[in-house]
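Take a look at the structure below.
There are 4 protein chains.
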Amino acid sequence: MAKSDFEYVKQFEREMPALPNVWLVIRLDGRGFHKFTDDHDFAKPNDLRALRLADACAQHVMKQHPDVCISYGQSDEYSFVLRPECNLFQRRPMKLATTFAALFASSYTFYWDRYMNSIEEPTHDPDDFDHTKPVAIRSQDDTKYVPLQYPPAFDGRVVEYPDVRTLRDYLSWRQADCHINNLYNTVFWTLVQDGGLSPQAAEQDLCGTLSGDKNEILFSKFGINYNNLEPRYRKGSILIQGTREVIVPERDRSGNDTGRTKTRTKPVIQVLHTDLIREDFWREHPTILGDYQ
Amino acid sequence: MAKSDFEYVKQFEREMPALPNVWLVIRLDGRGFHKFTDDHDFAKPNDLRALRLADACAQHVMKQHPDVCISYGQSDEYSFVLRPECNLFQRRPMKLATTFAALFASSYTFYWDRYMNSIEEPTHDPDDFDHTKPVAIRSQDDTKYVPLQYPPAFDGRVVEYPDVRTLRDYLSWRQADCHINNLYNTVFWTLVQDGGLSPQAAEQDLCGTLSGDKNEILFSKFGINYNNLEPRYRKGSILIQGTREVIVPERDRSGNDTGRTKTRTKPVIQVLHTDLIREDFWREHPTILGDYQ
Amino acid sequence: MAKSDFEYVKQFEREMPALPNVWLVIRLDGRGFHKFTDDHDFAKPNDLRALRLADACAQHVMKQHPDVCISYGQSDEYSFVLRPECNLFQRRPMKLATTFAALFASSYTFYWDRYMNSIEEPTHDPDDFDHTKPVAIRSQDDTKYVPLQYPPAFDGRVVEYPDVRTLRDYLSWRQADCHINNLYNTVFWTLVQDGGLSPQAAEQDLCGTLSGDKNEILFSKFGINYNNLEPRYRKGSILIQGTREVIVPERDRSGNDTGRTKTRTKPVIQVLHTDLIREDFWREHPTILGDYQ
Amino acid sequence: MAKSDFEYVKQFEREMPALPNVWLVIRLDGRGFHKFTDDHDFAKPNDLRALRLADACAQHVMKQHPDVCISYGQSDEYSFVLRPECNLFQRRPMKLATTFAALFASSYTFYWDRYMNSIEEPTHDPDDFDHTKPVAIRSQDDTKYVPLQYPPAFDGRVVEYPDVRTLRDYLSWRQADCHINNLYNTVFWTLVQDGGLSPQAAEQDLCGTLSGDKNEILFSKFGINYNNLEPRYRKGSILIQGTREVIVPERDRSGNDTGRTKTRTKPVIQVLHTDLIREDFWREHPTILGDYQ
Chain A
18 MAKSDFEYVK QFEREMPALP NVWLVIRLDG RGFHKFTDDH DFAKPNDLRA LRLADACAQH
78 VMKQHPDVCI SYGQSDEYSF VLRPECNLFQ RRPMKLATTF AALFASSYTF YWDRYMNSIE
138 EPTHDPDDFD HTKPVAIRSQ DDTKYVPLQY PPAFDGRVVE YPDVRTLRDY LSWRQADCHI
198 NNLYNTVFWT LVQDGGLSPQ AAEQDLCGTL SGDKNEILFS KFGINYNNLE PRYRKGSILI
258 QGTREVIVPE RDRSGNDTGR TKTRTKPVIQ VLHTDLIRED FWREHPTILG DYQ
Chain B
18 MAKSDFEYVK QFEREMPALP NVWLVIRLDG RGFHKFTDDH DFAKPNDLRA LRLADACAQH
78 VMKQHPDVCI SYGQSDEYSF VLRPECNLFQ RRPMKLATTF AALFASSYTF YWDRYMNSIE
138 EPTHDPDDFD HTKPVAIRSQ DDTKYVPLQY PPAFDGRVVE YPDVRTLRDY LSWRQADCHI
198 NNLYNTVFWT LVQDGGLSPQ AAEQDLCGTL SGDKNEILFS KFGINYNNLE PRYRKGSILI
258 QGTREVIVPE RDRSGNDTGR TKTRTKPVIQ VLHTDLIRED FWREHPTILG DYQ
Chain C
18 MAKSDFEYVK QFEREMPALP NVWLVIRLDG RGFHKFTDDH DFAKPNDLRA LRLADACAQH
78 VMKQHPDVCI SYGQSDEYSF VLRPECNLFQ RRPMKLATTF AALFASSYTF YWDRYMNSIE
138 EPTHDPDDFD HTKPVAIRSQ DDTKYVPLQY PPAFDGRVVE YPDVRTLRDY LSWRQADCHI
198 NNLYNTVFWT LVQDGGLSPQ AAEQDLCGTL SGDKNEILFS KFGINYNNLE PRYRKGSILI
258 QGTREVIVPE RDRSGNDTGR TKTRTKPVIQ VLHTDLIRED FWREHPTILG DYQ
Chain D
18 MAKSDFEYVK QFEREMPALP NVWLVIRLDG RGFHKFTDDH DFAKPNDLRA LRLADACAQH
78 VMKQHPDVCI SYGQSDEYSF VLRPECNLFQ RRPMKLATTF AALFASSYTF YWDRYMNSIE
138 EPTHDPDDFD HTKPVAIRSQ DDTKYVPLQY PPAFDGRVVE YPDVRTLRDY LSWRQADCHI
198 NNLYNTVFWT LVQDGGLSPQ AAEQDLCGTL SGDKNEILFS KFGINYNNLE PRYRKGSILI
258 QGTREVIVPE RDRSGNDTGR TKTRTKPVIQ VLHTDLIRED FWREHPTILG DYQ
């Protein structure tokens, strides 16, 4: 039973590293999330708790892997961007995608109760993501308690983008997709929930309509101005590495609390719900692209 | 903001499918599990609860993906085998590895309390894996309660094996590795825990020893016959698709309970801790390889 | 101008080796050979000189690379088979395919005059391939002289086949393709050359016909029994590594010719035009597959 | 013998296209050219005829594939550059590399006599590459006649470079390599041919010397200023797509020669032997990089 007799099978392992000097995007997608959202009674068209949960998972991934310079999430998908010079896992696509998918999926399970079953109402406040802050979880007897019924799965892929133009177009593609889907879902569910239509009737009503038509239905029939809806729903979530000033207790040389406080700069993951398609976004956040813009 | 303007970026997605007609092995490895086992006070050299947890995760993966004909686990790794004719996810390696890694990692989190914090003592009973059976979980105040402190991660890879010979050698390689590591760890921790040596002294004692030497140390110094230790620790866990006869209530045509019972064959995942290197194993379980042996 | 400043660009070179332990097929295809055959007045439906030229090139490739255990050619394509244990060029697909394509293409140019412009009429004799035997070439003034007008090109690919079954089916696929094309071409050109039809009319006549119909046209209209045509045209060319007994002058210990002769076994590339789809072929030539059948 | 029974084997063909929007370099290398140059009595350190032959082959490749915007050759290697937007062969690396390798190798054979056995002395004149101009070839009885003894082979590879910086560094790498090798070879062969040293002694003399040392040996011992040697030898050959004004007979509307001439712009492949490492080169030839600089 010598080890070496069998060890030759290691030769069958093959992997091509990603090209050097290109942007890498790791995109994760929920598997079977149509059924998953039904099984867990997600609010339609958007479940704020679940979106915050996904953002929290992405934050966790970015804290573990500070090489991620920006990530973008919407619906049940999240994309993580690594810079051209990044050498995480020697740029091995399989290692990158499996590690990120696994970490995101286990985080989704780990943080489920914190975000889905918190007693406090969820807010859109992006500064609200301090995972160390204690949160009161609903009792399992609470009718509002939503137990996680089975472990969720995500698949992942790695895509190489050779320059800033194609990388930005990738992110724009995902945000445009968010807009298109959210506009559709918003009208659809408004027709069903507020308009009393059956899902089939709503689907038929929307068949062939353009963006303008959908905006018009929302406004004329339900008095809703789409552009006034929550930016989080319309724009998705953008997470970037940032800093925040925090007030901490001052300590003397012996480490004893002086009773005074001081300001310290702390790295944080910023959560934004803004338009990243326009040029301005990149000018306002120059550190994302760094020398590459 | 037309969708189509950005959609060209989809062309940058590239993936080579696996070769048709070859065995596929998806191997998952725990990331940073040396630290993870320390952070969660795993028993050394083997933590029965944690090994059962890993087996439960593998079972969950196999239930979700019945295409897996055998899986093998030891320490913090698990390998899943797909047959040459299997077309799961069109044999796309990235999709297979990310989905399995994510599902295993979220299962590890999902089942943590059930296996790590059950009030009942864990057993080696392989028939004990009914995830639907209610289990009493320790209170968080219990000193034995081990909270999961952060989401675990696993990486994954897909390896192609062209025939039964190389596939079996792969599994033999992993089981030989289990044996080698477990023998080392068993002697090491016995020297430390029962022999009163420091870890450094134990390491030095074992430096350059062969299998025979290690067996001798165990036997002569501690009266331990290595071959009598738990098969689970020495052989790892083999999971195969099987069936079990179960007794279920009989119902009449209207669906009413007749008060009698009947026997029914139910698919189950069997958990074995036996030697798969020897020829016999494959003869005793002919359905694993099917027509390929 | 230090070398090392630029040498980092070597990192961008990436290649995945072929899977170990599988059969490798390198298939070359003529590029633009429809035009090439027109430009060089190839006889239709088959040009014996050109087919012999291609066989000669394949022989040259096999002499340079004795790892090739069988090759098969028809029309403007040739396939070369490497065994599972072959480690030529460390099984790098790019290196294998480019080297074979280049060698075949330069051989095609190198041997052009010998096969296309030999004064002797070409024969089907498979033993006729001794490239060292002097051959009289036509004068460039000879009206039958066909000059090579430009360098020919071939593309290539490498395909992995995991077992004997799929490898044999690959070769059968190519030979079935040879049959189908040759039957069509034979009827088409007979209709044009002997039947006086225009190419368009011949094409229309054949539209939708089955094998049986085509055999019937040949037999009833032109008295041709397709199965009696040259095997080379119907079956293509199979090249295998073989040996031949040759009579050589005997020499004494001092190396002087004794005046007597002796028989010696010499490695040769055998050229066959037979059916490789049927089981018999492989039984009659057991060395091709060796231990793998 | 139905085609379809075997056609499933086509599924085993797999290829990943090159990444879109990156520069592609196809580099060809002579196989076994150390032996080849000995077998064909190449002049050392540089054989002008053979270098011109290689340039002619590269020109032929570029004429067949005008997508090549620049190529660079030295010794027995040649690199061809395709732009980021080029879609030749759908950017399939295998198809690109095999076609280019085959075409180069068959051109090398095809043009052999024209360049190696021309009666006229070869010149460095870059405008001298008109393959249609008749050339008088030496008789085979001429003692200077160098017959091509066997078909030459080249291997090839495709490398992706994401931006102008890395592409230029690639070309600079090859030119720096040319310089380093040529300086070494020049001193080595001068020591042997003019200094009367044995190859072993010359090799030993050069062991550990730097560029400056080699220049010094050439100058002090042999009165040779390395920088005055032929640019072709020191810089290699750069081929770019260009135009040339040619004087052609004027014709009237009926196509009859008017007896007058006119100037016309004709596409030509320019051959340069200059420094491409310095910035100036790219400014002087802005069309090579086009919009990408």
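Chains as they are written, first to last, in this note's numbering: chain A, 18 to 310; chain B, 18 to 310; chain C, 18 to 310; chain D, 18 to 310. The beta carbon of each residue, even a glycine, is placed where N, CA and C say it ideally should be. Since this is a predicted model, take the numbers as computed values, not measurements.
If you count every other CB in all the chains shown that lies within 10 Å of the CB of residue i, and 16 or more means buried, which is it?
i: A/N104; result: exposed
i: B/A60; result: exposed
i: C/C74; result: buried
i: C/D55; result: exposed
i: B/S8; result: Outside the modelled stretch of chain B, which goes from 18 to 310, sits residue 8 of chain B, for which no answer is possible.
i: C/G240; result: exposed
i: C/V288; result: buried
Determine, using beta carbons only, whether residue i comes closer than 9 Å to chain D.
i: B/E24; result: no
i: A/V39; result: yes
Answer yes or no: does any C-beta atom of chain A fall closer than 9 Å to that of residue i?
i: C/P248; result: no
i: B/L293; result: no
i: D/L36; result: yes
i: B/E94; result: no
i: D/T160; result: no
i: B/V235; result: In the sequence as displayed, the identity of residue 235 of chain B is Leu instead of Val. Judged by the 9 Å Cβ criterion, B/L235 is not in contact with chain A.
Using 9 Å as the limit for Cβ to Cβ distance, is residue i near chain B?
i: C/P179; result: yes
i: A/Y243; result: no
i: A/V175; result: yes
i: C/Y167; result: no
i: C/V42; result: no
i: D/E32; result: yes
i: A/D323; result: Lying before the first or after the last residue shown, residue 323 of chain A is absent from chain A, which here runs from 18 to 310.
Candidates the options: which alpha carbon is nearest residue i's?
i: D/I87; options: D/G240, D/R268, D/D230, D/Y187; result: D/Y187
i: B/Y250; options: B/N198, B/E296, B/D269; result: B/N198
i: D/S124; options: D/F106, D/F171, D/I136, D/I154; result: D/F171
i: D/V175; options: D/D292, D/K238, D/T140, D/F117; result: D/F117
i: D/F97; options: D/P62, D/R131, D/D46; result: D/D46
i: B/P34; options: B/E24, B/P110, B/I43; result: B/P110
i: A/T278; options: A/F53, A/S135, A/S271, A/E267; result: A/E267
i: D/E296; options: D/H141, D/V285, D/T140, D/Q310; result: D/Q310
i: A/V78; options: B/E138, B/M133, B/Y167; result: B/Y167
i: B/T282; options: B/S271, B/R300, B/E262; result: B/E262
i: D/F298; options: D/Q157, D/L256, D/V152; result: D/L256
For residue i, would you say it is in contact with chain C, using Cβ-to-Cβ distances shorter than 9 Å as the test?
i: D/T149; result: no
i: A/R191; result: no
i: A/M79; result: no
i: D/S156; result: no
i: D/R281; result: no
i: D/K27; result: yes
i: A/R100; result: no
i: D/F239; result: no
i: B/T278; result: no
Could you tell me whether any Cβ in chain G is nearer than 9 Å to the Cβ of residue i?
i: C/P110; result: The structure shown has no chain G; the protein chains it does contain are A, B, C and D.
Which same chain residues end up closer than 6 Å to residue i when comparing Cβ atoms and leaving out the 5 residues on each side of it in sequence?
i: D/I234; result: V204
i: C/K231; result: L200, V204
i: C/A19; result: Its pLDDT being 47, under 50, C/A19 is placed unreliably in this model, and the value from its coordinates should be taken loosely. Nothing meets the Cβ criterion.
Tell me which same chain residues have a C-beta within less than 8 Å of the C-beta of residue i, skipping the five on either side of it?
i: B/Q192; result: Y89, Q91, K252, G253, D292, L293, I294
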